[in-house]
Amino acid sequence: MVGHVFQGPAALTLDGKGRLTVPARHRDALMNLSGGQLTLTKSPAGCLLMFPRQAWEQFRDKLLQLPMAADGWRRVFLGNALDVDMDGASRVLVAPELREAAGLVRDVMLIGMGSRLELWDRARLAAHEAQVMGSEMPAAIQDFVA
């Protein structure tokens, strides 16, 4: 499953303990890619990033090669990164600190973003997408979007 691309949305609900059940289409890929070992961290977009462990390690290694001027961003990503494992019921526990940072309470969206997934509060994602849709499309995208 090398080169797997995560894509598409999944509307989910966090349980009372802050766990989410990973949808089957992502669960199988995550098990094959990383044995269910994941890393969660903050995103500057206001959501959480969910990486299969191997993809996280590649991302982390790139961060570690940046100059000291990037320490602020390294702190956001590395300083908030938590390793988690899917349990036998395909659930992932999202730590309270990360839930608070991303505004996650109950209704969430898990969206595929290539080599990683993003975990959003549903209302926050809708507002973010509305803002993006209301802005000008970058020239790099205009050239290939029909």
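In our numbering, the protein residues as written are 29 to 174. Each residue gets a CB set at the ideal place from its N, CA and C atoms; glycine is no exception. The model shown is predicted, which means the values in this text are computed figures rather than measured ones.
Please report the residue range of the beta strand (DSSP E) in which residue i lies.
| i | result |
| --- | --- |
| Lys263 | Shown here, the chain extends from 29 to 174; a query on residue 263 therefore has no answer. |
| Glu146 | Leu145 to Asp149 |
| Pro124 | No beta strand (DSSP E) contains Pro124, which is instead part of the alpha helix (DSSP H) from Pro124 to Ala130. |
| Phe79 | Leu76 to Pro80 |
Buried or exposed, going by whether 16 or more other CB atoms sit within 10 Å of the CB of residue i?
| i | result |
| --- | --- |
| Pro124 | exposed |
| Asp135 | exposed |
| Gly64 | buried |
| Ala98 | exposed |
| Phe87 | buried |
| Leu92 | exposed |
| Ala158 | exposed |
| Thr62 | In the sequence on display, residue 62 carries Ser and not Thr. Result: buried. |
| Met114 | buried |
Apart from the five residues just before and just after residue i, which ones in its own chain have a Cβ nearer than 6 Å to its Cβ?
| i | result |
| --- | --- |
| Arg119 | Arg47 and Thr49 |
| Val104 | Lys70 |
For the alpha helix (DSSP H) holding residue i, just list the boundary residues, first then last.
| i | result |
| --- | --- |
| Leu94 | Here Leu94 belongs to no alpha helix (DSSP H), and DSSP marks it neither H nor E. |
| Ala168 | Ala167 to Gln170 |
Could you tell me which residues DSSP pairs with residue i in its beta bridges?
| i | result |
| --- | --- |
| Gly36 | Gly140 |
| Leu66 | Pro80 and Val112 |
| Arg119 | Thr49 |
| Asp99 | Answer by DSSP bridge pairing: none, since Asp99 is not bridged. |
| Asp135 | Thr41 |
Within the same chain, show all residues whose beta-carbon is closer than 8 Å to that of residue i, passing over the 5 residues directly before and after it, in chain order.
| i | result |
| --- | --- |
| Leu110 | Thr67, Leu68, Thr69, Ala123 and Leu126 |
| Thr41 | Leu48, Arg134, Asp135 and Val136 |
Tell me which same chain residues have a C-beta within less than 7 Å of the C-beta of residue i, skipping the five on either side of it?
| i | result |
| --- | --- |
| Ser71 | Leu77 and Glu146 |
| message | Closer than 8 Å is the cut-off here; do at least three beta carbon pairs connect the stretch 137–146 with the stretch 30–39? | response | Output reads yes: the stretch 30–39 touches the stretch 137–146.
| request: Would you check if there are 3 or more beta carbon pairs closer than 8 Å linking the stretch 73–80 to the stretch 142–151? | output: As far as the Cβ criterion goes, the stretch 73–80 touches the stretch 142–151, which means the pair count is three or higher.
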